[in-house]
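These notes are about the structure you will find just below.
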Amino acid sequence: MKEKYEFTYTSPEGVKITHEFFADDIHELGYHILQFSRSVGFDYIDMLEFSEPNGAIYRSEVL
0 MKEKYEFTYT
10 SPEGVKITHE
20 FFADDIHELG
30 YHILQFSRSV
40 GFDYIDMLEF
50 SEPNGAIYRS
60 EVL
């Protein structure tokens with residue numbers, strides 16, 4: 000089942016950036032989080048980590 004997500008960032012200058020998407024798994028969610036982070040100006044992310052209800056952990060480092 001695809002879930003809808005919406006991220007919003009407002010810069011110090013008042014510029015608002017919104018990223019709305021649907022994801023059906025943790026990998027798609029991670030991809031969109033990275034895309035959003037880059038679109039608002041971050042060019043280095045140290046680590047992104049997710050876990051599922053069953054305890055499975057997904058981690059990406061130095062992105």
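Okay, so the sequence shown: first residue is 0 according to numbering that gives the first Met the number 0, each after it adds one.
All C-beta atoms in this analysis are idealised placements derived from N, C-alpha and C, irrespective of residue type, glycine included.
So, helix, strand or coil for Ile25, using DSSP? Taking the sequence shown and counting its residues from 1, one reaches residue 25 at position 26. Note: Ile25 maps to helix in three-state DSSP.
Three-state secondary structure (DSSP) of Tyr8: In the sequence shown, counting from the first residue as 1, residue 8 sits at position 9. The answer is strand: DSSP assigns Tyr8 an E or B state.
Quick check on Ile32: buried or exposed, where buried means 16 or more other Cβ atoms within 10 Å of its Cβ? The residue given as residue 32 occupies position 33 in the sequence shown. Burial call: buried.
Just checking my contact of His18 with Ser38 at CB under 8 Å: how many whole Å lie between their CB atoms? Here residue 18 refers to the residue found at position 19 when the sequence shown is read from its first residue. Here residue 38 refers to the residue found at position 39 when the sequence shown is read from its first residue. The Cβ separation is near 7 Å, so the contact holds.
Could you tell me the boundaries of the beta strand (DSSP E) in which Met0 lies? For this step, residue 0 is matched to residue 1 along the sequence shown. That residue, Met0, is in no beta strand (DSSP E); it is neither H nor E in DSSP.
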